[in-house]
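Colleague: Numbering (the working numbering) for the sequence shown: 2 to 359.
First the structure, which I've put down as structure tokens, then a few questions once you've had a look.
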Amino acid sequence: MKTVHNFNAGPCVLPKEAINAAIEALKDFAGTGMSVIEVSHRSKEWQAVMDETEALWKEILNIPDGYKVLFLGGGASTQFLTVPMNFLEKKAAYLETGVWAKKALKEAKGIGNAVCVASSADTIFNYIPKGYTIPTDADYFHITTNNTIYGTEIREDINSPIPLIADMSSDIMSRPVDVSKYIMIYGGAQKNVGPAGVTFVIVKEDALGKVSRYIPTMLDYKTHIEGGSMFNTPPVFSILVMNYTMKWLKGLGGLKVMEQMNIEKSNLLYNEIDRNSMFVGTVANKEDRSIMNHCWVMAEAYKDKEDAFMAFAKERGMVGIKGHRSVGGFRASLYNACPKASVEALVACMQEFEKLNK
Ligand SMILES: *Cc1c(COP(=O)(O)O)cnc(C)c1O
């Protein structure tokens with residue numbers, strides 16, 4: 002197999018340990034003599050995986066009592082709709098920090114009165130708005146903690162005077178989180194915790210049941226709480242790989258250790274972006290920079306060298322560093338499973354390109 006450095010934004014790099022364990026389970030799952038994609042989701046062997054996976058989430062993220070962890074289908078994009086369905090009665094407030102946040106707000110507007118508290122759309126979302134006022138008459142405040150496309154991140158658990166809900170698709174499990182500050186945290190698994198196909202929902206049970214509308218069965222979180230995430234057939238394979246990924250994370254020492262490793266990798270790359278005169282970072286304020294997704298473009302004097310750098314990096318095994326079309330330039334996603342050696346290889350590649358082209 003050829004060696005690559007995978008900087009894809011999602012789906013993305015996963016721990017080799019998790020992938021290898023998944024290959025074994027595809028052949029023979031838990032000694033059943035069947036593949037994991039052949040066993041009944043009602044079998045005791047599968048139930049054990051569901052229980053263990055929920056327990057791993059609770060332990061690693063230190064989730065307090067009173068919260069449920071659900072593993073659903075539909076992606077984070079379906080949650081954009083189910084959040085307002087389940088929580089919006091009179092009014093909802095949203096922070097618009099990127100395209101995903103905007104999509105979440107759009108769905109809420111389709112359900113009821115949803116307002117945009119602040120937006121950074123004016124400068125292609127290259128900063129996190131600050132100094133805004135959260136309306137206290139809203140049912141909840143929705144934020145997107147990591148803006149995957151633009152490389153900005155809210156890396157603290159903000160204080161909200163009203164219930165807080167966060168899309169953490171692309172930075173969940175990258176740092177410790179004070180779950181008690183949120184009534185709900187959700188995301189697609191495919192950026193830090195597993196393959197595409199499973200969506201995680203951490204929801205505070207007593208925050209539910211406060212809206213008067215009819216909620217369709219499959220869109221009602223209570224359905225999935227009662228059904229133990231198995232009201233209907235769960236995405237078994239994706240959940241299993243997530244289980245292995247969580248075990249890998251726990252084995253490394255958990256979220257404090259993971260955060261340190263992520264900061265170290267992130268600093269390596271940002272230091273090079275800042276040092277190398279051929280490149281400039283796209284995020285306006287350093288404190289808003291994401292430690293997951295790193296965005297940069299060619300400096301003005303070297304604009305004509307963009308394609309050349311892309312080809313140069315590709316030759317050296319770099320995968321997935323093309324920036325999103327709305328930002329241009331480059332983006333390297335350094336998720337949990339991205340090895341430090343890959344970041345070092347990218348930095349070396351940027352330095353070499355500078356030596357040859359400046
Ligand atoms: C990728 C992403 C999504 C979309 O996730 P799907 O599971 O594909 O629907 C939503 N929000 C954020 C922050 C993302 O990075």
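The C-beta atom is built at its ideal place from N, Cα and C for all residues, glycine as well.
Do you know how far the Cα of glycine 34 is from the Cα of valine 100?
Modeller: Their Cα atoms are separated by approximately 45 Å.
Colleague: Spatial neighbours of proline 196 within its chain, please: CB distance less than 8 Å, with the 5 preceding and 5 following residues excluded, ordered by chain position.
Modeller: Cβ within range, chain order: Pro12, Leu15, Ala190, Phe238, Ser239, Val242, Met243.
Colleague: Which first and last residues belong to the beta strand (DSSP E) in which methionine 299 is found?
Modeller: Its beta strand (DSSP E) spans residues 294 to 299.
Colleague: Leaving out five residues before and five after valine 328 in sequence, what residues of the same chain have Cβ atoms less than 7 Å from its Cβ?
Modeller: So the qualifying residues of the chain are Ile125, Ile150, Tyr151, Thr283, Cys296.
Colleague: Quick test of your reading: histidine 6 and methionine 293, contact by CB under 8 Å. State the CB separation rounded to the nearest angstrom.
Modeller: Rounded, the Cβ-Cβ distance is 16 Å, inconsistent with contact.
Colleague: With burial defined as no fewer than 16 other Cβ atoms inside 10 Å of the residue's Cβ, what is the status of aspartate 29: buried or exposed?
Modeller: By the 10 Å Cβ count, aspartate 29 comes out exposed.
Colleague: Any heavy atom of ligand 1 inside 7 Å of the beta-carbon of threonine 83?
Modeller: No, the beta carbon of threonine 83 sits no closer than 7 Å to any heavy atom of ligand 1.
Colleague: Can you give me the C-alpha to C-alpha distance between isoleucine 135 and leucine 256, rounded to a whole angstrom?
Modeller: Those two C-alpha atoms are separated by around 29 Å.
Colleague: Using the rule of at least 16 other Cβ atoms within 10 Å of the residue's Cβ for burial, across every protein chain shown, is proline 236 buried or exposed?
Modeller: With 16 or more other Cβ atoms within 10 Å, it is buried.
Colleague: Measure the Cβ-Cβ separation of lysine 104 and serine 78 and say whether it is below 8 Å.
Modeller: Their beta carbons are under 8 Å apart, which means lysine 104 touches serine 78 by this criterion.
Colleague: Please identify the residue among Leu73, Ala56, Ile38 whose C-alpha is closest to the C-alpha of isoleucine 226.
Modeller: Residue Leu73 is the option with its Cα nearest to isoleucine 226.
Colleague: By alpha-carbon positions, which one of Asp138, Val180, Thr137, His42 ends up nearest to glutamate 157?
Modeller: Closest option to glutamate 157, Cα to Cα, is Val180.
Colleague: Within the continuous alpha helix (DSSP H) that includes valine 258, where are the two ends?
Modeller: Its alpha helix (DSSP H) spans residues 256 to 276.
Colleague: Just to check my reading of the structure: methionine 279 and phenylalanine 331 have Cβ atoms closer than 8 Å, yes? What is that Cβ distance to the nearest angstrom?
Modeller: Contact flag wrong, Cβ pair sits at about 11 Å.
Colleague: Using a Cβ-Cβ distance under 8 Å, would tyrosine 245 count as near chain B?
Modeller: No chain B is present in this structure, which holds just one protein chain.
Colleague: Say yes only if the C-beta of lysine 192 is nearer than 7 Å to one or more non-hydrogen atoms of ligand 1, and no if none qualify.
Modeller: At least one heavy atom of ligand 1 is nearer than 7 Å to the Cβ of lysine 192, so yes.
Colleague: If you check the beta carbons only, do glycine 67 and lysine 205 fall under 8 Å apart?
Modeller: Against a cut-off of 8 Å, the Cβ pair of lysine 205 and glycine 67 comes out as a contact.
Colleague: Between which two residues does the alpha helix (DSSP H) containing glycine 321 stretch?
Modeller: Neither: glycine 321 is in no alpha helix (DSSP H) and is coded neither H nor E.
Colleague: With respect to the beta strand (DSSP E) encompassing threonine 200, which residues constitute its N-terminal and C-terminal limits?
Modeller: Counting along the chain, the beta strand (DSSP E) containing threonine 200 begins and ends at 200 to 205.
Colleague: Is the closest heavy atom of ligand 1 to the C-beta of aspartate 289 under 7 Å?
Modeller: No, since every heavy atom of ligand 1 falls outside the 7 Å radius drawn around the Cβ of aspartate 289.
Colleague: So which of Leu71, Ala338, Ala333, Asn272 has the shortest CA-CA distance to alanine 19?
Modeller: Checked all of Leu71, Ala338, Ala333, Asn272; the closest Cα to alanine 19 is Ala338.
Colleague: By a C-beta neighbour count over all protein chains shown, 10 Å radius and 16 as the cutoff for buried, is glutamate 316 buried or exposed?
Modeller: Glutamate 316 is exposed by the Cβ-count criterion.
Colleague: Can you tell me which of Ala23, Gly228, Lys287 puts its alpha carbon nearest to the alpha carbon of asparagine 272?
Modeller: For the residues Ala23, Gly228, Lys287, the minimum Cα distance to asparagine 272 belongs to Lys287.
Colleague: Does ligand 1 have even one heavy atom less than 7 Å from the beta-carbon of serine 78?
Modeller: Yes, the beta carbon of serine 78 sits closer than 7 Å to at least one heavy atom of ligand 1.
Colleague: Please say whether leucine 82 and glutamate 46 have beta carbons closer to each other than 8 Å?
Modeller: No, these two residues do not count as a Cβ contact at 8 Å.
Colleague: Less than 7 Å separating the Cβ of tryptophan 47 from some heavy atom of ligand 1?
Modeller: Outside the cutoff, so no.
Colleague: For methionine 259, I'd like the list of residues in its chain whose CB is within less than 8 Å of its CB, leaving aside the five on either flank, ordered along the chain.
Modeller: These residues qualify, in order along the chain: Met174, Ser175, Arg176, Leu250, Leu253, Asn337.
Colleague: Going by C-alpha distance, which of Met51, Asp138, Ala122, Asp140 is nearest asparagine 373?
Modeller: Here the chain comprises residues numbered 2 to 359, so residue 373 is not present and cannot be evaluated.
Colleague: Would you please state the rounded distance, in angstroms, between the beta carbons of threonine 1 and isoleucine 129? I believe it to be under 8 Å.
Modeller: Any property of residue 1 remains undetermined from this structure, which presents the chain solely from 2 to 359.
Colleague: Please say whether glutamate 90 and lysine 211 have beta carbons closer to each other than 8 Å?
Modeller: Yes. Within cutoff.
Colleague: Assign aspartate 168 to one of three DSSP states: helix, strand, or coil.
Modeller: Correct three-state label for aspartate 168: strand.
Colleague: Roughly how many angstroms separate the alpha carbons of threonine 200 and arginine 214, rounded to a whole number?
Modeller: Between threonine 200 and arginine 214, the C-alpha separation is close to 24 Å.
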